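Following: one structure in structure tokens, then a few remarks.
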Amino acid sequence: MKTPILTLCLLLGAAIAFAQTADRNQYPSAESPKPLQLPEVQRFKMDNGLPVYLVEQHELPLVQFSLVSQAGSIYDPPGQLGLAEMVADMMDEGAGERNALELSEEIDFLGITLNTYANREQLGLRLFTPTSKLEEALPLFADVLLRPRFEAEELARKRTEALVALAQSHDEARVVAMEAFNQLIFGKEHPYGRSASGTEASLKSLTVQHLKDFHREYLTPANSFLVVVGDIGRKALEQRLDKALMGWSGGQLKTQMIASPPEKKGFTVYLIDKPGAAQSVLRFGHPGVSRKTADEYPISVMNTILGASFTSRLNQNIREEHGYAYGAASFFWEPRYQGYFIAYADVQSDVTGPAIQEFLKELKGIREVSEADVEKARNYQALGFPAEFQNIESIAGNLSDVIFYGLPEDYLNRHIGKLLAVTKEEVEAAARQYIHPENMILVVVGDRELIADEVEALGTVKYLSIEEVLGAVPVIEEKK
Numbered sequence: 003m004k005t006p007i008l009t010l011c012l013l014l015g016a017a018i019a020f021a022q023t024a025d026r027n028q029y030p031s032a033e034s035p036k037p038l039q040l041p042e043v044q045r046f047k048m049d050n051g052l053p054v055y056l057v058e059q060h061e062l063p064l065v066q067f068s069l070v071s072q073a074g075s076i077y078d079p080p081g082q083l084g085l086a087e088m089v090a091d092m093m094d095e096g097a098g099e100r101n102a103l104e105l106s107e108e109i110d111f112l113g114i115t116l117n118t119y120a121n122r123e124q125l126g127l128r129l130f131t132p133t134s135k136l137e138e139a140l141p142l143f144a145d146v147l148l149r150p151r152f153e154a155e156e157l158a159r160k161r162t163e164a165l166v167a168l169a170q171s172h173d174e175a176r177v178v179a180m181e182a183f184n185q186l187i188f189g190k191e192h193p194y195g196r197s198a199s200g201t202e203a204s205l206k207s208l209t210v211q212h213l214k215d216f217h218r219e220y221l222t223p224a225n226s227f228l229v230v231v232g233d234i235g236r237k238a239l240e241q242r243l244d245k246a247l248m249g250w251s252g253g254q255l256k257t258q259m260i261a262s263p264p265e266k267k268g269f270t271v272y273l274i275d276k277p278g279a280a281q282s283v284l285r286f287g288h289p290g291v292s293r294k295t296a297d298e299y300p301i302s303v304m305n306t307i308l309g310a311s312f313t314s315r316l317n318q319n320i321r322e323e324h325g326y327a328y329g330a331a332s333f334f335w336e337p338r339y340q341g342y343f344i345a346y347a348d349v350q351s352d353v354t355g356p357a358i359q360e361f362l363k364e365l366k367g368i369r370e371v372s373e374a375d376v377e378k379a380r381n382y383q384a385l386g387f388p389a390e391f392q393n394i395e396s397i398a399g400n401l402s403d404v405i406f407y408g409l410p411e412d413y414l415n416r417h418i419g420k421l422l423a424v425t426k427e428e429v430e431a432a433a434r435q436y437i438h439p440e441n442m443i444l445v446v447v448g449d450r451e452l453i454a455d456e457v458e459a460l461g462t463v464k465y466l467s468i469e470e471v472l473g474a475v476p477v478i479e480e481k482k
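Take the sequence shown: its position 122, counted from the start at 1, is 124 in this note's numbering, and no numbers get skipped.
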């Protein structure tokens with residue numbers, strides 16, 4: 003399981019790689035994108051209170067199980083940062099009667115996929131299996147969910163892996179930039195701003211009992227739901243779940259009220275020195291919106307024009323026109339509570355100043371768009387949406403998001419129609435309301451000696467060290 007920061011950095015890298023390799027010069031065109039009509043979602047509750055959502059798909063003999071609990075890193079207790087991630091990492095490192103090696107070998111033998119994950123807001127478990135292997139696979143799923151072994155030896159190994167990753171992150175400019183960005187947007191103690199993967203001190207403090215306590219408190223039927231998509235009917239599913247999850251009960255729904263981040267005043271640059279860096283990592287941003295924003299569709303179309311496609315203004319300017327970077331993009335991170343807007347690129351060190359100026363130009367210019375811009379962006383979004391439902395894993399993932407964030411039951415089926423109804427006026431209003439280059443932070447990770455003069459010419463600059471962001475490089479004890 004990857005940490006949220008590392009996963010986000012990989013996604014940013016993938017977007018840049020996409021910009022580098024894509025062979026597109028214009029948005030896809032379409033006169034009338036077709037509405038999406040997903041299969042019926044069957045809803046029921048198990049006797050223990052676990053909500054279950056079933057989408058039958060009998061075209062292929064495959065089934066996807068996705069269990070989601072409200073148990074992400076925002077629930078890490080003080081002094082135990084990294085606990086949710088460690089619990090997720092450890093759940094499939096031995097469960098039931100099998101140790102880590104035996105469990106891994108059984109998963110491979112059956113030809114199934116069984117994994118766990120944790121992010122800021124969720125801890126989850128996924129099983130992908132051929133229908134013919136379901137009888138053997140579902141008990142493994144239940145073991146990992148209900149009976150993780152949390153062995154001390156495995157915890158020591160996972161702790162060392164986490165500390166090594168933390169040490170390596172000191173040399174990963176993108177990781178440094180995103181950690182700093184989160185801290186500066188939310189604050190170091192804010193649930194969205196603190197380290198999800200933990201610090202040296204917190205990781206070294208975690209015990210087997212901490213993991214067991216977290217698992218017992220948060221991995222409960224009352225605090226979870228299950229999405230099942232694939233080649234199985236409701237009656238058969240209920241019978242199998244009753245047997246596999248026998249004895250699982252109790253708990254309560256966990257809620258975590260999270261304060262909005264403070265609004266930013268003025269444009270401030272935070273320069274983090276990385277001597278010898280060939281590139282400057284740029285991360286522009288400010289507080290954004292939550293997942294249930296009323297302006298979801300105008301924001302989505304607006305950001306497509308700005309930075310969410312190969313032909314976006316940012317990518318065309320930074321990559322195509324000036325050649326400053328392999329790609330440039332932007333997005334809104336929309337969690338349950340207020341998230342952030344971010345625009346980003348990794349540019350050559352010798353063009354750091356000009357690249358920043360071009361970014362600011364585009365961030366200001368998005369307040370004016372043409373009818374053609376809006377039509378192309380609407381169609382781009384509408385045509386791409388059905389591709390997110392090409393397999394049972396993606397159907398389960400999208401349905402899980404709808405359930406977790408409390409979106410309307412018909413949200414997915416109405417999505418394309420809502421996109422196509424967005425107007426030019428709504429896009430420009432969204433840009434004025436949600437993009438504020440004059441009140442924004444910019445995190446720059448690069449070679450201070452090469453870029454400081456250019457950056458200081460932009461206005462207020464504050465200097466940070468990598469150690470101030472990540473802490474000292476952790477001491478990793480040799481295994482005796």
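Here a beta-carbon is modelled for each residue, glycine too, at the ideal position from N, C-alpha and C.
The structure presented is a predicted model; accordingly, all values stated were derived computationally and were not measured.
Using 8 Å for Cβ pairs, my map puts residue i next to residue j. What's the rounded Cβ distance?
| i | j | result |
| --- | --- | --- |
| residue 197 | residue 83 | 5 Å |
| residue 271 | residue 55 | Rounded, the Cβ-Cβ distance is 46 Å, inconsistent with contact. |
| residue 339 | residue 290 | About 11 Å; that fails the 8 Å criterion. |
| residue 359 | residue 421 | Their Cβ separation, rounded to whole angstroms, is 32 Å, which puts residue 359 and residue 421 out of contact at 8 Å. |
| residue 471 | residue 303 | Actually they are not in contact, since the Cβ atoms of residue 471 and residue 303 sit about 34 Å apart, beyond 8 Å. |
| residue 179 | residue 89 | Their Cβ separation, rounded to whole angstroms, is 27 Å, which puts residue 179 and residue 89 out of contact at 8 Å. |
| residue 274 | residue 468 | 6 Å |
| residue 67 | residue 143 | 6 Å |
| residue 316 | residue 332 | 6 Å |
Would you mind reading off the limits of the alpha helix (DSSP H) that contains residue i?
| i | result |
| --- | --- |
| residue 145 | 136 to 148 |
| residue 300 | 298 to 309 |
| residue 398 | 394 to 406 |
| residue 56 | From DSSP, residue 56 is part of no alpha helix (DSSP H) but of the beta strand (DSSP E) over 53 to 58. |
| residue 184 | 175 to 188 |
| residue 162 | 154 to 171 |
| residue 457 | 450 to 458 |
Are the C-beta of residue i and some C-beta of chain B separated by less than 8 Å?
| i | result |
| --- | --- |
| residue 352 | Absent from the structure: chain B. Only one protein chain is present. |
Using the beta-carbon count (16 or more within 10 Å), is residue i buried or exposed?
| i | result |
| --- | --- |
| residue 28 | Note on residue 28: pLDDT 48, under 50, position unreliable in the model; the coordinate value appears next. Exposed: under 16 other Cβ atoms inside 10 Å. |
| residue 13 | Low confidence applies to residue 13: its pLDDT is 46, below 50, so where it sits in the model is not reliable enough to give any reading. |
| residue 128 | buried |
| residue 185 | buried |
| residue 110 | exposed |
| residue 77 | buried |
| residue 131 | buried |
| residue 310 | buried |
| residue 436 | buried |
| residue 60 | exposed |
| residue 433 | buried |
| residue 257 | exposed |
| residue 160 | buried |
| residue 374 | exposed |
| residue 464 | exposed |
Are the beta-carbon atoms of residue i and residue j separated by less than 8 Å?
| i | j | result |
| --- | --- | --- |
| residue 69 | residue 126 | yes |
| residue 354 | residue 453 | yes |
| residue 169 | residue 447 | no |
| residue 182 | residue 424 | no |
| residue 63 | residue 381 | no |
| residue 65 | residue 232 | yes |
| residue 357 | residue 326 | yes |
| residue 279 | residue 141 | no |
| residue 345 | residue 334 | no |
Taking residue i as the reference, give the member of the options with the closest Cα.
| i | options | result |
| --- | --- | --- |
| residue 252 | 148, 175, 283 and 359 | 148 |
| residue 409 | 298, 290 and 174 | 298 |
| residue 138 | 67, 381 and 108 | 108 |
| residue 223 | 97, 430 and 48 | 48 |
| residue 307 | 220, 191 and 377 | 377 |
| residue 539 | 133, 94 and 318 | Here the chain comprises residues numbered 3 to 482, so residue 539 is not present and cannot be evaluated. |
| residue 37 | 116, 435, 388 and 361 | 388 |
| residue 42 | 464, 443, 474 and 398 | 398 |
| residue 74 | 199, 95 and 173 | 199 |
| residue 262 | 288, 241 and 361 | 288 |
| residue 323 | 364, 225 and 369 | 364 |
| residue 461 | 268, 150, 366 and 320 | 268 |
| residue 97 | 80, 116 and 350 | 116 |
| residue 294 | 413, 58 and 100 | 413 |
| residue 99 | 152, 416 and 411 | 152 |
For the beta strand (DSSP E) holding residue i, just list the boundary residues, first then last.
| i | result |
| --- | --- |
| residue 66 | 64 to 71 |
| residue 255 | Element bounds for residue 255: n/a, residue is neither H nor E. |
| residue 220 | No beta strand (DSSP E) contains residue 220, which is instead part of the alpha helix (DSSP H) from 210 to 220. |
| residue 275 | 270 to 275 |
| residue 96 | Note, residue 96: premise wrong, no beta strand (DSSP E); not H, not E. |
| residue 200 | That residue, residue 200, is in no beta strand (DSSP E); it is neither H nor E in DSSP. |
| residue 288 | 281 to 289 |
| residue 344 | 342 to 350 |
| residue 45 | 44 to 47 |
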